[in-house]
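Chemist: In terms of the numbering used here, the sequence shown opens at residue 922 and continues consecutively. Once you've had a glance at the structure underneath, I'll fire off some questions.
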Amino acid sequence: MTEPAKPAPAPKTISFTLNGRPRVAVIEGWEKILDVLREDLNLTGTKHGCDDYTCGACTIVMDGDARKACVFPAAKLEGATVLTIEGLRRPDGSLHPIQRALIEAGAVQCGFCIPGIVMELYALFTKTPDASDEQLRAALAKHYCRCTGYEAIYEGAKLAQRYMKEEAAAN
Ligand code: FES
Ligand code: FES
């Protein structure tokens, strides 16, 4: 005998910090964090790929850690501090050093995987500026890229690490 379908949770208002600003959202049903970002808040820089915790395209930074937004229920946003690719935009419109490094290394082709990789590297280098090659490769292994092969992405990530360190030293 099949179990009766579980009733969807009632709509709920949540408050969180998104890209440095307080936000309130009403979440409905079984929404995931990715749904809130892309559908409710129109932040489409975070990509919707496999929907299955595999490709890494939906990666955001939540409370300092890289997280796959397709997995977590939207209710987890309550009280959280979230950074998406849109939040890396500099006040003067210039690219973040991680984005610059990936472009310079030829790691960006169609670009679909790039926002997730940028957020993964941002979390890694913010927490661990001297991340080892092993740590770097382990972080990149969470992401699929259909276009580039992975060496250019690895080279771009090494360059990004250098740029972030130089920027930290200059400030
Ligand atoms: S869309 Fe989330 S891991 Fe692929
Ligand atoms: S650049 Fe196209 S999927 Fe990575």
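The beta carbon of each residue, even a glycine, is placed where N, CA and C say it ideally should be. Note that the coordinates shown come from a computational prediction; the quantities given were computed from them, not determined experimentally.
1) Let's see if you can read the secondary structure: which residues bound the alpha helix (DSSP H) around residue 1047?
2) Can we count residue 1086 as close to ligand 1, meaning its CB is less than 7 Å from some heavy atom?
3) Would a C-beta distance cut-off of 8 Å place residue 984 and residue 995 closer than the cut-off?
4) Just to confirm, are residue 1075 and residue 1034 a CB contact at a threshold of 8 Å?
5) Check whether the Cβ atoms of residue 977 and residue 1070 sit closer than 8 Å, and answer yes or no.
6) Can you tell which of 1041, 1090, 940, 1012 has the C-alpha that lies nearest to the C-alpha of residue 1058?
7) Give me the residue from 958, 927, 949, 924 with the minimum Cα distance to residue 933.
Modeler: Let me lay it out:
1) 1035-1048
2) no
3) no
4) no
5) no
6) 1041
7) 949
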